[in-house]
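Residue numbers (the numbering used here): 262 to 513.
Quick reminder that beta carbons are idealized off the backbone N, C-alpha and C, glycines included.
Reviewing the structure listed below.
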Amino acid sequence: MYVIAHLSDPHLDGSDEARDRLRRITAYLKDFRRPVDVILVTGDLADHGLEAEYAELAAELKLDLPVLVLPGNHDVSSPLRAALSSLVDSPGEGHPVHQVRDVGAARFVLLDTTVPGENHGLLPADSLAWLDGVLREPFDGPLFVAFHQPPFNLHHPTMDQWMLQTREPFAAVLEGKPVTALFAGHVHNAIAATFAGIPLRVAPGIRSTVPLPFEPATPAGTLVDPTAHPGFALHIHVDGEPLQTLYRYPAR
Numbered sequence: 262m263y264v265i266a267h268l269s270d271p272h273l274d275g276s277d278e279a280r281d282r283l284r285r286i287t288a289y290l291k292d293f294r295r296p297v298d299v300i301l302v303t304g305d306l307a308d309h310g311l312e313a314e315y316a317e318l319a320a321e322l323k324l325d326l327p328v329l330v331l332p333g334n335h336d337v338s339s340p341l342r343a344a345l346s347s348l349v350d351s352p353g354e355g356h357p358v359h360q361v362r363d364v365g366a367a368r369f370v371l372l373d374t375t376v377p378g379e380n381h382g383l384l385p386a387d388s389l390a391w392l393d394g395v396l397r398e399p400f401d402g403p404l405f406v407a408f409h410q411p412p413f414n415l416h417h418p419t420m421d422q423w424m425l426q427t428r429e430p431f432a433a434v435l436e437g438k439p440v441t442a443l444f445a446g447h448v449h450n451a452i453a454a455t456f457a458g459i460p461l462r463v464a465p466g467i468r469s470t471v472p473l474p475f476e477p478a479t480p481a482g483t484l485v486d487p488t489a490h491p492g493f494a495l496h497i498h499v500d501g502e503p504l505q506t507l508y509r510y511p512a513r
């Protein structure tokens with residue numbers, strides 16, 4: 262059994278509110294009777310892309326567990342690389358921050374789908390070529406591809422402008438590759454779907470939730486609801502069995 266704790270969108274900004282919401286998740290993980298194999302955080306690590314915010318994240322994620330992080334649309338590559346050098350292993354400087362990380366029996370391909378200064382996601386030709394090459398490398402174990410913006414519409418007039426736009430080229434690269442599952446964040450909702458015939462799991466937001474247009478409005482009538490419980494996903498992989506995903510919303 263291989264267990265992934267999938268966190269997303271903590272949006273740390275130096276405030277007690279953001280820090281406390283993340284700590285509700287990490288405190289829960291610390292009490293596990295059997296530690297997870299890896300913690301994966303799929304973007305929007307910081308709210309303003311400041312080096313101090315990434316330093317805060319690094320301090321909060323000192324859990325004696327392997328931790329993988331990737332950028333979201335609120336993140337900025339250079340300060341992320343500088344302050345999270347102990348967590349990030351990506352060649353080059355600046356943007357993009359692509360990574361290939363082996364943790365135990367599993368390989369994680371961490372894609373940077375962000376566009377500097379924009380909210381939507383893209384995978385340009387050079388990123389797709391890099392991904393294609395990585396996925397063709399022999400690997401004997403579960404193979405996961407993680408990124409920030411999901412490649413589908415949420416059916417939300419605002420959020421749908423900010424999703425991954427290069428969907429067909431992305432699907433073409435994934436086709437025929439031995440990818441076990443895809444992981445994403447960004448939409449601050451727990452979602453189970455498929456893309457290119459591969460299981461796709463989206464983690465709920467730690468900082469807030471985004472109600473769909475037909476759901477009750479947020480208390481303040483805003484896009485996000487910062488009063489909703491922070492949550493995360495637990496992905497359980499067992500050879501020969503379907504991937505299982507449980508969503509948890511720890512109490513205070």
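| Asked | Found |
| --- | --- |
| Among residues of its own chain, excluding the 5 on either side of Pro460, which ones have a beta-carbon nearer than 6 Å to its beta-carbon? | Ala442 and Leu504 |
| Classify Arg397 as helix, strand or coil using the three-state DSSP reduction. | coil |
| Quick one: is Arg342 buried, meaning 16 or more other Cβ sit within 10 Å of its Cβ, or exposed? | buried |
| Tell me the DSSP bridge mates of Arg468? | Its beta-bridge partners do not exist; DSSP assigns none. |
| In terms of alpha-carbon separation, which member of Glu314, Arg513, Leu371 and Pro412 lies closest to His267? | Leu371 |
| Whose C-beta lies closer than 8 Å to the C-beta of Pro399 among residues of the same chain, with five residues either side of it excluded? | none |
| Ignoring anything shorter than 3 residues, give me the beta strand (DSSP E) runs that lie fully in the segment 283-345, in order along the chain. | 299-303 and 328-331 |
| How would you label Gly466, buried or exposed, when you count the other beta carbons within 10 angstroms and need 16 or more for buried? | buried |
| Return the Cβ separation of Leu396 and Pro430 in integer angstroms, given the expectation that the two are a contact with Cβ distance under 8 Å. | The Cβ separation is near 14 Å, so there is no contact. |
| Pick from Asp281, Pro357 and Gly275: whose alpha carbon is nearest that of Phe517? | The structure shown does not extend to residue 517, since the chain is modelled only from 262 to 513, so the question has no answer here. |
| Quick check on the DSSP output: the alpha helix (DSSP H) that includes Val434 runs from which residue to which? | Arg428 to Leu435 |
| Which residues does DSSP pair with Asp363 in a beta bridge? | Arg368 |
| Indicate the three-state DSSP secondary structure (helix, strand or coil) for Ala454 in the structure shown. | strand |
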